[in-house]
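**Student:**
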Amino acid sequence: MSRVFSGIQPTSNLTLGNYLGAIKNWVGLKEGHESSLYCVVDLHALTVPQDPEKLRKQTRETAAAYFACGIDYTNSIVFHQSAVAGHSELSWLLGCLTPLGWLNRMTQFKDKAGKKKDQASLGLYGYPTLMAADILLYKATHVPVGDDQKQHVELARDIAGAFNARYEKEFFPLPEPQILGDATRVMSLRDGTNKMSKSDPSDYSRINLTDEDDVIALKIKKAKTDPESLPSELSGFEGRPEAKNLMTIYAALEGKELSQICTEFGGKPFSEFKPVLSDRIIESLSPVREKMKEFMKDQVELDNILKTGAEKAADIAMKNMHDVRDIMGLLQV
Ligand code: TYM
623 MSRVFSGIQP
633 TSNLTLGNYL
643 GAIKNWVGLK
653 EGHESSLYCV
663 VDLHALTVPQ
673 DPEKLRKQTR
683 ETAAAYFACG
693 IDYTNSIVFH
703 QSAVAGHSEL
713 SWLLGCLTPL
723 GWLNRMTQFK
733 DKAGKKKDQA
743 SLGLYGYPTL
753 MAADILLYKA
763 THVPVGDDQK
773 QHVELARDIA
783 GAFNARYEKE
793 FFPLPEPQIL
803 GDATRVMSLR
813 DGTNKMSKSD
823 PSDYSRINLT
833 DEDDVIALKI
843 KKAKTDPESL
853 PSELSGFEGR
863 PEAKNLMTIY
873 AALEGKELSQ
883 ICTEFGGKPF
893 SEFKPVLSDR
903 IIESLSPVRE
913 KMKEFMKDQV
923 ELDNILKTGA
933 EKAADIAMKN
943 MHDVRDIMGL
953 LQV
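One gets my numbering by counting positions in the sequence shown from 1 and adding 622 to each.
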């Protein structure tokens with residue numbers, strides 16, 4: 623049996639990075655798999671402080687983005703994490719067999735907690751066991767994510783292996799990270815060495831899926847570049863992270879190899895490339911933005927879709943949790 627699982631945190635506006643590194647690659651992935659689940663991981667969002675009203679809105683908006691990008695909720699299971707209690711329960715159970723040494727290696731905790739490690743929450747530290755629980759609750763085999771989440775999926779794989787070894791059963795399949803698409807790590811528009819992120823304080827560092835066309839054009843116009851013209855071959859990207867990032871975004875949207883884009887635009891100035899790039903981004907994202915608005919207009923319908931998704935997810939989760947409790951020796955009466 624093969625099953626796809628992935629998720630996005632509803633922490634704020636989704637970005638072009640989430641689109642190219644994740645959602646765009648989910649569309650059509652169901653083919654060849656028994657089922658696919660796409661979750662809005664609201665419990666993960668709570669690992670840093672959230673405004674309750676905003677979190678609810680962003681949870682709906684993230685689901686709206688999934689649908690607007692082409693995830694078919696009649697074909698895939700789309701739901702929000704907190705609606706299925708098994709995520710929290712399995713996270714605790716898996717946490718009991720995850721060595722601290724494994725968690726200490728996680729680069730995301732180091733990045734997010736920074737120098738204030740002692741003030742970071744237990745939730746932020748234990749985040750990877752919740753992510754492992756998300757995946758293993760459904761015995762998912764394929765996990766399509768951007769490059770930055772690879773380490774977490776590999777940890778989920780190690781935790782699955784630890785469970786199987788401790789209880790001497792091949793119970794959990796070992797999930798595979800799938801790093802798909804041509805832009806697996808979209809970088810900030812202000813600094814090509816940093817990942818494009820929802821949490822960057824500068825809105826000019828990213829393209830949001832909700833940005834209007836003129837805002838997209840302005841952000842690309844202001845995007846950091848360097849004084850040279852565009853490289854005509856891949857070796858020309860050496861020491862030019864911003865040029866590489868902008869051309870990679872264009873290549874990914876066009877569905878072409880980066881080397882092809884170098885051939886097309888090599889030797890041209892950024893002033894000529896940037897308008898072509900912003901037009902291309904607008905062509906892809908403006909229909910997504912408009913469809914998101916449509917979905918957000920009918921909140922009752924959106925909530926109903928999520929409720930139905932949660933019921934289907936809970937059906938799978940309940941059976942697996944029953945087996946996990948049984949294997950671990952918890953009394954079920
Ligand atoms: P999150 O919410 O940070 O990001 C969601 C997805 O978007 C990808 N992504 C990017 N890809 C390319 N370039 C970027 N700049 C960029 N920014 C984000 C991420 O790699 C991810 O695929 N821990 C996860 C959410 C999660 C999850 C899961 C994912 C929770 N449980 C189970 C898969 C399976 C996270 O914080 O992603």
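Glycine included, each C-beta is placed from N, C-alpha and C at the ideal position. All values reported here derive from a predicted model rather than from experimental measurement.
By a C-beta neighbour count over all protein chains shown, 10 Å radius and 16 as the cutoff for buried, is residue 943 buried or exposed?
**Tutor:** The residue in question, residue 943, is buried, as its Cβ has 16 or more Cβ neighbours within 10 Å.
**Student:** What's the C-alpha gap between residue 786 and residue 899?
**Tutor:** Roughly 48 Å separates the two Cα atoms.
**Student:** Please give me, in chain order, every unbroken run of the alpha helix (DSSP H) with length at least 4 that falls completely inside the region 681 to 764.
**Tutor:** Whole alpha helix (DSSP H) segments, 4+ residues: 708 to 717, 722 to 726, 729 to 735, 744 to 758.
**Student:** Should residue 661 go down as buried or exposed, given a rule of 16 or more other Cβ atoms within 10 Å for buried?
**Tutor:** Residue 661 comes out buried.
**Student:** Given residue 938, which residues of its chain have a CB within under 6 Å of its CB, disregarding the five upstream and five downstream residues?
**Tutor:** For residue 938, where only same-chain residues beyond five positions count, the Cβ hits under 6 Å are 760.
**Student:** Is any non-hydrogen atom of the ligand COA found closer than 7 Å to the C-beta of residue 774, if you look at the structure I gave you?
**Tutor:** Because the ligand COA does not appear in the structure shown, any question about it cannot be addressed here, the ligands present being the ligand TYM.
**Student:** Residue 906 lies in the alpha helix (DSSP H); which residues open and close that run?
**Tutor:** Its alpha helix (DSSP H) spans residues 892 to 919.
**Student:** If you follow the alpha helix (DSSP H) that residue 660 is part of, which residue opens it and which one closes it?
**Tutor:** Premise fails: residue 660 lies in the beta strand (DSSP E), 657 to 662, not in any alpha helix (DSSP H).
**Student:** So which of 641, 633, 652 has the shortest CA-CA distance to residue 624?
**Tutor:** The option with the nearest alpha carbon to residue 624 is 652.
**Student:** Excluding sequence positions up to five away, which residues of its chain have a Cβ less than 7 Å from the Cβ of residue 872?
**Tutor:** Counting only Cβ-Cβ distances below 7 Å, and skipping sequence neighbours, we find 883, 899, 902.
**Student:** Beta-carbon within less than 7 Å of residue 848's beta-carbon, same chain only, minus the 5 sequence neighbours each way: which residues are those?
**Tutor:** Excluding positions up to five away in sequence, the list reads 862, 864, 865.
**Student:** Tell me whether residue 740 is buried or exposed, calling it buried when 16 or more other Cβ atoms sit within 10 Å of its Cβ.
**Tutor:** Per the 10 Å Cβ criterion, exposed.
**Student:** Identify whether residue 794 lies in helix, strand or coil by the three-state DSSP scheme.
**Tutor:** Three-state result, residue 794: coil.
**Student:** Skipping 5 residues on each side, what residues in its chain have a beta carbon closer than 6 Å to that of residue 875?
**Tutor:** Here the set comprises 902, 906.
**Student:** Is residue 867 near residue 803, with beta carbons less than 8 Å apart?
**Tutor:** No, Cβ-Cβ distance for residue 867 and residue 803 is not below 8 Å.
**Student:** Per DSSP, which residues does residue 887 bridge with? Please list them.
**Tutor:** Bridge partners of residue 887: none, in fact.
**Student:** Here's a check: name, in chain order, each residue in its chain whose Cβ is nearer than 6 Å to the Cβ of residue 855, leaving out the five neighbours to either side.
**Tutor:** Within the same chain, residue 855 has close Cβ partners 884.
**Student:** Does the distance between the C-beta of residue 780 and the nearest non-hydrogen atom of the ligand TYM fall short of 7 Å?
**Tutor:** Answer for residue 780: no, Cβ out of range of the ligand TYM.
**Student:** Going straight from the alpha carbon of residue 642 to that of residue 658, what length do you get?
**Tutor:** Cα-Cα distance, rounded: 19 Å.
**Student:** Suppose only complete runs of 3+ residues qualify. What are the beta strand (DSSP E) ranges in the region 791 to 860, listed by chain order?
**Tutor:** Whole beta strand (DSSP E) segments, 3+ residues: 798 to 800.
**Student:** Helix, strand or coil: which one does DSSP assign to residue 669?
**Tutor:** Here residue 669 sits in coil by DSSP.
**Student:** Going by beta-carbon coordinates alone, are residue 821 and residue 810 separated by less than 8 Å?
**Tutor:** It is not a contact, given that the beta carbons lie outside the stated cut-off.
**Student:** Where do the ends of the beta strand (DSSP E) carrying residue 626 lie?
**Tutor:** First-last of the beta strand (DSSP E) with residue 626: 625 to 630.
**Student:** Is DSSP giving residue 930 helix, strand or coil here?
**Tutor:** In this structure, residue 930 counts as helix in the three-state DSSP scheme.
**Student:** With a threshold of 7 Å on Cβ separation, who are the neighbours of residue 628 within its own chain once the five nearest residues in sequence on each side are excluded?
**Tutor:** For residue 628, where only same-chain residues beyond five positions count, the Cβ hits under 7 Å are 644, 648, 660, 765, 766, 767.
**Student:** Return yes when at least one heavy atom of the ligand TYM lies under 7 Å from the C-beta of residue 627, else no.
**Tutor:** Yes, Cβ of residue 627 sits closer than 7 Å to a heavy atom of the ligand TYM.
**Student:** Closest to residue 664 by C-alpha separation, out of 845, 695, 632, would be which residue?
**Tutor:** Considering only alpha carbons, the answer is 632.
**Student:** Does the count of Cβ pairs from the region 748 to 756 and the region 697 to 715 closer than 8 Å reach three?
**Tutor:** Cβ pair count under 8 Å is three or more, so yes.
**Student:** If you draw a straight line from the alpha carbon of residue 927 to that of residue 772, how long is it in whole angstroms?
**Tutor:** Cα to Cα, residue 927 sits roughly 29 Å from residue 772.
**Student:** Would residue 727 pass as a contact of residue 924 if the rule is Cβ separation under 8 Å?
**Tutor:** No; because the gap between Cβ atoms is not below 8 Å, this pair is not in contact.
**Student:** Could you round the C-beta distance between residue 776 and residue 799 to whole angstroms and report it? I think they count as a contact, below 8 Å.
**Tutor:** Correct: roughly 7 Å between the Cβ atoms.
**Student:** When we look at the beta-carbon of residue 817 and count the other beta-carbons within 10 Å, is it buried (16 or more) or exposed?
**Tutor:** Residue 817 comes out buried.
**Student:** Is residue 870 helix, strand or coil by DSSP?
**Tutor:** Reduced to three states, the DSSP call for residue 870 is helix.
**Student:** May I have the straight-line CA-CA distance separating residue 877 from residue 637, to the nearest angstrom?
**Tutor:** Their backbone Cα atoms lie some 19 Å apart in a straight line.
**Student:** Given a threshold of 16 other Cβ atoms within 10 Å of its Cβ, counted over all protein chains shown, does residue 691 qualify as buried or as exposed?
**Tutor:** With 16 or more other Cβ atoms within 10 Å, it is buried.
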